[in-house]
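Last residue of the sequence shown: number 498 in the UniProt record's numbering, and the count goes up by one each step with no gaps.
All residues carry an ideal CB built from backbone N, CA and C; glycine is no exception.
Every value quoted in this text rests on a predicted model; they were computed, and no experiment measured them.
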Amino acid sequence: QYNTILSNMDKIYSTAKVCLDNGTCWELEPDISDIMATSRSYKKLLYAWEGWHNAAGNPLRASYEEFVKLSNEAYQMDGFEDTGSYWRSWYDSASFEDDLEHLYNQLEPVYLNLHAFVRRKLYDRYGSKYINLKGPIPAHLLGNMWAQQWNNIYDLMVPYPEKPNLDVTSTMVQQGWNATHMFRVSEEFFTSLGLLEMPPEFWSKSMLEKPTDGREVVCHASAWDFYNRKDFRIKQCTTVTMEQLFTVHHEMGHVQYYLQYKDQPVSFRSGANPGFHEAIGDVMSLSVSTPSHLKKIGLLSSATEDEESNINYLLKMALEKIAFLPFGYLIDQWRWNVFNGRTPPSRYNYDWWYLRTKYQGICAPVSRNESNFDPGAKYHIPGNTPYIRYFVSFILQFQFHKALCQAANHNGPVHTCDIYMSKEAGAKLSEVLKAGSSKSWQEILFNLTGTDKMDAGPLLEYFSPVTKWLQEQNNKTNEVLGWPEFDWRPPIPEGYPE
1 QYNTILSNMD KIYSTAKVCL DNGTCWELEP DISDIMATSR SYKKLLYAWE GWHNAAGNPL
61 RASYEEFVKL SNEAYQMDGF EDTGSYWRSW YDSASFEDDL EHLYNQLEPV YLNLHAFVRR
121 KLYDRYGSKY INLKGPIPAH LLGNMWAQQW NNIYDLMVPY PEKPNLDVTS TMVQQGWNAT
181 HMFRVSEEFF TSLGLLEMPP EFWSKSMLEK PTDGREVVCH ASAWDFYNRK DFRIKQCTTV
241 TMEQLFTVHH EMGHVQYYLQ YKDQPVSFRS GANPGFHEAI GDVMSLSVST PSHLKKIGLL
301 SSATEDEESN INYLLKMALE KIAFLPFGYL IDQWRWNVFN GRTPPSRYNY DWWYLRTKYQ
361 GICAPVSRNE SNFDPGAKYH IPGNTPYIRY FVSFILQFQF HKALCQAANH NGPVHTCDIY
421 MSKEAGAKLS EVLKAGSSKS WQEILFNLTG TDKMDAGPLL EYFSPVTKWL QEQNNKTNEV
481 LGWPEFDWRP PIPEGYPE
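The structure is reproduced here in structure tokens:
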């Protein structure tokens, strides 16, 4: 019954579509994702946002409630208080929740400065009707269906537009990049460090593009270990964009981990903790995305290292990494509260939006109530993938990056570091990967970085130049940090939809 509910939820999510009056239907990938990323029409974005949340989320509500009951029963029989308590046990730390809160408190000031800056730029674009400079930002304007990463609206706020354009999507398209090439470029980055290449089965059995034969698939990118020591695959509806090039590296990071620990006993064939698994490919992307590396792979004609170009680069990275932190933190706050009963079904949606406003400073652009199930519009809820691993990964990846840059003898600020071709960095990383979960994550982290704790320091150091710059910009325009008008909501546009 438990598995039936899960596969039923998966099916609802993966077949949801938004249909227009003229009979055209949009799927999440690529149609709706493209609209969210590229449209700057308030109404069109709203139509896509509301349509998706209604189509994917609402029908999941009853199943999810039933699923929570069954899941809790199963883990209570295993001696856990509830499902959330089982999920947290993977981090093997009595102070896990307090540690996370402490980390988030250190990072929040940077987020508030980014949020205020972005809100001002959206105010310049959409006006005072739709943006309140003391309120939350309407959730559909940030370039992503869940407002989890904001890099797609970078064009609205490039600090120094006369410098080389760091979004290389159009160059990739012009040069005829395709899905396979993106995966080959990623593989070559790993092998340049002395790490492993992908086995032949990977290339013959992976699904690297959306099928064109009419099959309906779950497009959400994922990596698979078949636990037979030779079959490893990625499933991704790859499109040719810079953002997807980073997703490719993220998924390839999972497979590199699988390959490295394949000879461990089965019970140790997993990441040191779930956050480690998510961090590996992202660490590669921190090097790949540097202007100097993009130049090496022919995607930028000139890589300048002056202060203005650095600010351009770091703001783009902040829209990806800093903007994500509150989202990565709140998803499982919501879910843990659902599993332990603090959030009963009668408050599923209310508590979701309370947390989204409290942490992210965003609000629903149209009114939502308990007939809606907006958490269900995010893949990891019906897919039942725990989420705090991504928050942990965003902390760890900067700790890893710093340690690997030291191994590669990098000089200069850590945001300019590219570990490409460094066998020394590769050897340090390989030690982490080969161990799987055969040692505690604290010990593995200590061997790589010299500390056995999650530490926000390297992330704060990486972003310190742009943090300072954001503070200066916000002071110039006297921005209010935060959203004291917590309950403000935007009006519905006249004559909506467009």
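Relative to the C-alpha of residue i, which candidate in the options has its C-alpha closest?
| i | options | result |
| --- | --- | --- |
| ALA74 | LEU193, ILE492, GLN1, LEU103 | GLN1 |
| VAL432 | LEU46, ILE444, ALA16, GLU27 | ILE444 |
| residue 501 | THR171, LEU133, TYR354 | For residue 501 there is no data in the structure shown, the boundaries of the chain being 1 and 498. |
| TYR379 | ASN58, TRP90, SER14, GLN471 | SER14 |
| ASP99 | ASP455, LEU166, THR451 | ASP455 |
| HIS220 | GLY214, LYS11, PHE486 | LYS11 |
| LYS439 | ARG269, ARG347, LEU300 | ARG269 |
| THR38 | CYS25, LEU142, ASN474, ARG88 | LEU142 |
| ASN474 | ALA56, LEU70, ARG119 | ARG119 |
Distance, Cα to Cα, residue i vs residue j?
| i | j | result |
| --- | --- | --- |
| LYS434 | THR238 | 28 Å |
| MET77 | TRP441 | 27 Å |
| ASP409 | LEU481 | It is worth fixing the name first, because residue 409 is Asn in this sequence and not Asp. Taking the straight line from one Cα to the other gives about 39 Å. |
| LEU448 | TYR111 | 28 Å |
| ASP231 | GLY253 | 16 Å |
| MET36 | GLN264 | 43 Å |
| GLY412 | TRP488 | 44 Å |
| GLY341 | GLU188 | 48 Å |
| ALA318 | PHE463 | 7 Å |
| LEU126 | GLY376 | Here the sequence assigns Tyr to residue 126, which means Leu is not the residue at that position. Cα to Cα, the separation comes out at about 28 Å. |
| PHE64 | ILE388 | Here the sequence assigns Tyr to residue 64, which means Phe is not the residue at that position. Answer to the nearest angstrom: the Cα atoms are 19 Å apart. |
| GLU320 | ASN151 | 5 Å |
| HIS415 | GLN399 | 12 Å |
| PHE373 | THR385 | 17 Å |
| ILE153 | ASN228 | 43 Å |
| PRO211 | VAL217 | 8 Å |
Looking at the C-beta of residue i, does it have a partner C-beta in chain E at a distance below 8 Å?
| i | result |
| --- | --- |
| ASP167 | Of the protein chains in the structure, only one exists, and it is not chain E. |
Can you check whether the CB of residue j is closer than 8 Å to the CB of residue i?
| i | j | result |
| --- | --- | --- |
| PRO365 | ALA139 | yes |
| LEU396 | GLY275 | yes |
| ILE137 | LEU122 | yes |
| TYR350 | GLU370 | yes |
| PHE67 | MET157 | no |
| HIS277 | SER186 | no |
| SER437 | ALA279 | no |
| LEU46 | PRO382 | no |
| ILE234 | GLU209 | no |
| TRP483 | GLY135 | yes |
| LEU28 | TRP49 | no |
| VAL283 | LEU195 | no |
| GLN149 | PHE324 | yes |
| GLY84 | TRP336 | yes |
| ASN312 | LYS468 | no |
| VAL168 | LEU294 | yes |
| ILE362 | ALA147 | yes |
Check residue i in the structure and name its three-state DSSP category.
| i | result |
| --- | --- |
| VAL366 | coil |
| PRO465 | helix |
| ILE234 | strand |
| TRP224 | strand |
| ILE5 | helix |
| GLU27 | strand |
| PRO109 | helix |
| ILE137 | strand |
| VAL288 | helix |
| CYS405 | helix |
| LYS316 | helix |
| MET207 | strand |
| VAL248 | helix |
| VAL432 | helix |
| VAL168 | coil |
| VAL338 | helix |
At least 3 beta-carbon pairs within less than 8 Å: the region 180-191 vs the region 232-248: yes
Within 8 Å, do at least three Cβ pairs link the region 251-270 to the region 219-237? yes
Counting Cβ pairs, one atom from each stretch, are 3 or more of them under 8 Å apart for the region 307-324 and the region 417-430? no
Is there contact between the region 282-289 and the region 91-106, where contact requires at least three CB pairs shorter than 8 Å? no
Would you call the region 195-205 in contact with the region 325-341, where contact means no fewer than 3 C-beta pairs closer than 8 Å? no
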